[in-house]
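In the numbering used here, the protein residues as written are 17 to 904. Every residue gets a Cβ at the ideal spot worked out from N, C-alpha and C, and that includes glycine. Predicted model only: the values in this text are computed from it and were never measured.
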């Protein structure tokens, strides 16, 4: 059974039972906040049942497509295993036919539904999956009447998840067994040859069901055996006389006796598109209006399904990254058709010729001809061709005629045409300053447009930007909203980021084992911090699990960390080691390091110095040199050896290693000290958006180390790092606005950046923000006042916070009120300053500097800053230096 089957950390609330079978039953359900369908199996049933469940899960986990039912997860509760799946509100196609939801004369809808079923089949065939039980009962419909294929991998035991109408809440009335949809070659006693063409036969029967408004083929025959014999002899159901000729032709081709005479599912797609084109008589497309298109795929050369070998033919409709069809590589008729249509100025035919020449399908591969046809179609207004042309100019595919400006221009044309993929790409161009001037606000607008169309990558970026306040106003609520949308589409990055939003609010950080001492089997040294905002470890665990089960290595590491620390789940060294191993096998450096520790101390695995050294070495080879030499894990600590490894990895473009190498040069550790070399390495990493390097580069400019001192450059790099969420950079930026150092003084901006840094548990920022609240420079929106921040700073070891906590909790503080008059604060600071409290001396200096509760006197401020500096208060020293340079 999949590991997720044992997870019970979100309550599963079962609604109405929708149906039942020999070994399972189905409920409408709610899992946490997610409505779903829950298919239940008894854990105590036979091993065959368990194997059936595993088979269905393994297939569902692989399939991510618009016309395939989405698998969410498994869940075990009350001795039952539940498969949780997407809810299709309209129930089955069988139900729609039986209830007359589709008008008999509505051939447009019937053809569209057949088209979508074919798309779903083409996709699963590409993925190496045969449905084997296709019928109207296993075709589900959403509230928008969109097809979702369901029930995979159960050739013998037919799933009842799709046999029930959610709308009616009643069980299917279909005759027992599905032999009436089975291809004749599968009815042979001797070695039935199951293939993709067998599914196409069933598609023909489903198309007959819609045409005849009848869900039981050969309804008057009650004996399945006699039906099977008739089908083997070539008998088929009669289509109604009013069936359109083209629809009739394709039904008859699909259920041809000889499998080789049947089309591929994708051929059904193509002909539907051609039929639509002829009927519409517009400048539309062979594949529908290109405004709804997203992109072509660079398909592999070929894939095998059983004994068949098919070439991929990708079409630009619907969502990105969705394969929608397969055509034989040698289909000359297809090439001929497109050539004729392209010469008649059909832009979609030109688009496909661009793809055909680019991939050498049916013609000699020619990147020049591919570019020419794409360009012609793009100039004709074809949105998808504009997208493809932009990619070619950007060098992402084709001839690589790199021209970032033209790439941005064509992306913009396609984006203005409503293409979500182009909108996402244009957002990326604005983010990177590629072909356009860097502008995060404009980038956020294009990401928003793509996200509203359901583009999961844009939704993920938008969610991350809302979390960081980058290009948009910071909002955790909006971050969670957009990340949830992307996560529910199966985006593992969004799932993991969402998990961290729920986790990080707890203040939990990535600390696995304290390697400075031998841990016992149950303890472990954890990195815990007090909760400061709402958190939900249960949801964090859920999203990490979903992403981890998709193979996301980072999420697997996160899940292992939660098991190790016992947060949101029962502590388990065995589970921790298992997930660390999964992530480590994929090359996750943190997981390799942690797995090395697990082997070193024998936690969750048998103790093995050899295995520990093996995983430490793998981590070191990837650049996590701190594990080996900086921290002396598995080897003797050596800065010199660390630098060697850093150089090896940094020269390959690894930003973390580049930043670490810069730090080694700056500190003269393992190498001759050189600020110039440090800056060079910081720049390399900072230009690749490494936030730590950007912060370090800001520090070098601020102090004039290795570069000419420049407040403007310092603020520029601090801002870049701060917008990515770097806590130290946020605090430094807040401090600059607090003093007006290199920027226009602004208490509001100072408080904003202090607040963001404090939310990440930066104790300096907590102290600075509390001080602003205490002095009345800004108003605490929570109205809690400075005391909670000072108390938090005290528990984290901030020595200067103790004075403030002591007097804020004393009777002198006006009976504990959260706000008081500046003169009262001045009086209490004066008393503390005379008692040689450095924090009080700093506070008194600030009051004299700003004229708070006392007449402004910057010379006296410098005196008090000097007294605090003499006691080792670094903030006072910096303020004194700045004031001397600016005020005197």
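Query	Result
For the candidate residues 669, 409, 402, whose alpha-carbon lies nearest to that of residue 430?	402
What are the start and end residues of the alpha helix (DSSP H) that includes residue 140?	123-142
Which residues in the same chain as residue 130 place their Cβ atom closer than 6 Å to its Cβ, once the five residues preceding and following it in sequence are excluded?	223
Please state the DSSP three-state secondary structure of residue 558.	helix
If you follow the alpha helix (DSSP H) that residue 500 is in, where does it begin and where does it stop?	492-504
The beta strand (DSSP E) spanning residue 464 covers which residue range?	First-last for residue 464: 456-468, but that is the alpha helix (DSSP H), not the beta strand (DSSP E).
Mind checking residue 901: buried by the 16 CB within 10 Å criterion, or exposed?	exposed
Between residue 152 and the rest of its own chain, which residues show a CB-CB distance below 7 Å, the 5 nearest in sequence each way excluded?	108, 109, 110, 113, 222, 225, 231
Quick check on the DSSP output: what are the complete alpha helix (DSSP H) runs of length 4 or more inside the stretch 39-122, in order along the chain?	63-78, 109-114
Is residue 31 helix, strand or coil by DSSP?	strand
Nearest by alpha-carbon distance to residue 450: which of 476, 410, 479, 84 is it?	410
Leaving out five residues on either side along the sequence, give the residues of the same chain with a beta carbon under 6 Å from the beta carbon of residue 892.	858, 881, 884, 885
Are there 16 or more other CB atoms within 10 angstroms of the CB of residue 890, so buried, or fewer, so exposed?	exposed
Could you spell out the range, first to last residue, of the alpha helix (DSSP H) harbouring residue 879?	874-886
Out of 217, 620, 866, 242, state which residue places its alpha-carbon closest to the alpha-carbon of residue 588.	620
I need the straight-line Cα distance from residue 771 to residue 785, nearest angstrom please.	7 Å
Report the three-state DSSP secondary structure of residue 150 (helix, strand or coil).	coil
Taking a contact to mean a Cβ-Cβ separation below 8 Å, would you say residue 861 touches residue 841 in this structure?	no
Express the C-alpha separation of residue 434 and residue 241 in angstroms, rounding to a whole number.	53 Å
Applying the 10 Å Cβ sphere with the 16-neighbour rule, what's the burial state of residue 342?	In this prediction, residue 342 has a pLDDT of 35, which is less than 50 and means its spatial position is unreliable; what the coordinates show is noted afterwards. Per the 10 Å Cβ criterion, buried.
For residue 579 and residue 572, I'd like the C-alpha separation in whole angstroms.	11 Å
Spatial neighbours of residue 734 within its chain, please: C-beta separation below 6 Å, excluding the five flanking residues on both sides.	714, 745, 748, 749
When the Cα atoms are used, what is the spatial distance from residue 496 to residue 514?	7 Å
Would residue 55 and residue 104 qualify as a contact pair, given that the criterion is a beta-carbon distance under 8 Å?	no
Roughly how many whole angstroms lie between the Cα atoms of residue 723 and residue 375?	50 Å
Helix, strand or coil: which one does DSSP assign to residue 163?	strand
Leaving out five residues before and five after residue 730 in sequence, what residues of the same chain have Cβ atoms less than 7 Å from its Cβ?	714, 717, 718, 758
Please list the terminal residues of the continuous alpha helix (DSSP H) segment that includes residue 937.	The chain is shown from 17 up to 904; residue 937 falls before or after that span and cannot be answered.
What do you reckon, are the CB atoms on residue 244 and residue 195 nearer than 8 Å?	yes
Leaving out five residues on either side along the sequence, give the residues of the same chain with a beta carbon under 6 Å from the beta carbon of residue 427.	406, 438, 441, 442
Hey, out of 453, 478, 455, 483, whose CA is closest to residue 465's CA?	478
Taking C-alpha atoms, which residue in 753, 738, 756 lies nearest to residue 776?	738
Would you kindly work out how many angstroms separate the C-alpha atoms of residue 583 and residue 555, rounded to a whole number?	11 Å
Of all the alpha helix (DSSP H) runs that stay within the bounds of the stretch 710-779, which reach a length of 4 or more residues?	727-739, 743-755, 763-775
Please classify residue 916: is it buried, with 16 or more other beta-carbons within 10 angstroms of its beta-carbon, or exposed?	Residue 916 lies beyond the range of the chain shown here (17 to 904); nothing can be said about it.
I'd like the span of the alpha helix (DSSP H) that includes residue 270, first residue to last.	261-270
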